Every structure is written in structure tokens, then in C-alpha cells.
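Chemist: Sharing a structure with you now.
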Amino acid sequence: MNILFTLFLQGQPSAIGSFLPFLLLILVLYFFMIRPQVKRQKEEAKFAESLLKGMRIVTAAGIHGKILEVGDTYIIIESENSRLKINKSAVSKELSQVYSDLNAPILAKKEEKEGEKK
């Protein structure tokens, strides 16, 4: 009987104490899942904006090609005597690293032009 009486006198735990694990879980999710995803999206957007005519790329579908024309949201590539119009977001940054040596002179020319403008 005394045990039941002492349990009733203890009361309920504080609201902050019971809410703290939930807040910690949200912080962990933010730093390990949300934040890296946002960073990755920014890098992909920056890569899509850096696409230039003449660069060799690989799409997410595995199509290898050379950029013939660059639009705001699309590019036209040539692959095996065919031309394809694709979204910039369909270009795979990771797969296109295969052509980084071939694209280096094109990127160097772009940097020279930007340096002359300043």
C-alpha cells in the first residue's frame, strides 16, 4: 500500500524531459539526412549550370554524348549520329567524371574568358 501511495505522490515527469529525446531525434535527422541532401542538390545545380558546348557527358540513363547546344533548362547532345534534347537535370555528375580529362580544356577556356571580363 505504501508503494502505491509513493508512486502517486511522485507526479508526472516534466514536459521538457519527455520531449527532449524527440528533439534530439530531429537534430540527428537534420544533420545526417536533410543537410547533406541539400548540399548535394546545390552541387548538382551548380554542375548543371556549368555545362558548356563541346563537353562530353553521360546521362543518368547511360547515354554518352557531346553537347551541341545549351539552353536554360535543356541541352542537345549528339550520340552515335543522333541528336537528343534532354533536361540538364538528366546529366549525371558522377558518371560524367569519366570525361573530366577531355572536358578540362573547355573549362579552362571558360575560366580564361571569365578572367578577361574582370
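Heads up, the sequence shown is in our numbering, so the first residue is 128 and it goes up one at a time.
Glycine residues also receive a C-beta, built at the ideal position from the N, C-alpha and C atoms.
Model, not experiment: these values are computed from the prediction.
1. Could you tell me which residues DSSP puts in a beta bridge with Y157?
2. Which residues in the same chain have their Cβ closer than 8 Å to the Cβ of Y226, if we skip the five residues on either side of it in sequence?
3. I need the DSSP call for N208, collapsed to helix, strand or coil.
4. Let's test the definition: count the other Cβ atoms within 10 Å of the Cβ of N214 and tell me whether it reaches 16, buried, or not, exposed.
5. Enumerate in chain order the residues of its own chain whose CB-to-CB distance from K220 is below 8 Å, with the five nearest sequence positions on each side excluded.
6. At what residues does the beta strand (DSSP E) containing E196 begin and finish?
7. At least one CB of chain B closer than 7 Å to the CB of E170: is that the case?
8. Determine whether the beta carbon atoms of I202 and L229 lie at a separation below 7 Å.
9. Quick check on the burial criterion: 16 or more other C-beta atoms within 10 angstroms. Buried or exposed for V165?
10. Please name the residue in R210, L222, G242 and K193 whose C-alpha comes closest to that of K180.
Modeler: In this structure, then:
1. One-based indexing of the sequence shown puts residue 157 at position 30. By DSSP's assignment, Y157 forms no beta bridge with any residue.
2. Residue mapping note: residue 226 aligns to position 99 of the sequence shown, counting from 1. Within its own chain, the residues whose Cβ lies closer than 8 Å to the Cβ of Y226, once the five positions on either side in sequence are excluded, are M182, R183, I184 and V185, listed in chain order.
3. Looking up residue 208 in the sequence shown gives position 81. Here N208 sits in coil by DSSP.
4. Within the sequence shown, residue 214 is the residue found at index 87, counting from 1. N214 comes out exposed.
5. Along the sequence shown, one-based indexing puts residue 220 at 93. Cβ neighbours of K220 beyond the five flanking positions: E170, E171 and F174.
6. Looking up residue 196 in the sequence shown gives position 69. Run containing E196: H191 to V197, per the beta strand (DSSP E) assignment.
7. Structure shown: chain B not included; a single protein chain is present.
8. On the sequence shown, residue 202 is found 75 positions in, with the first residue counted as 1. On the sequence shown, residue 229 is found 102 positions in, with the first residue counted as 1. Not closer than 7 Å, so no.
9. Position 38 of the sequence shown, counted from the first residue, corresponds to residue 165. Burial check for V165: the Cβ neighbour count within 10 Å stays below 16, so the residue is exposed.
10. As a first step, residue 180 must be located in the sequence shown, where it is residue number 53. Its Cα nearest to that of K180, the residue K193 stands out among R210, L222, G242 and K193.
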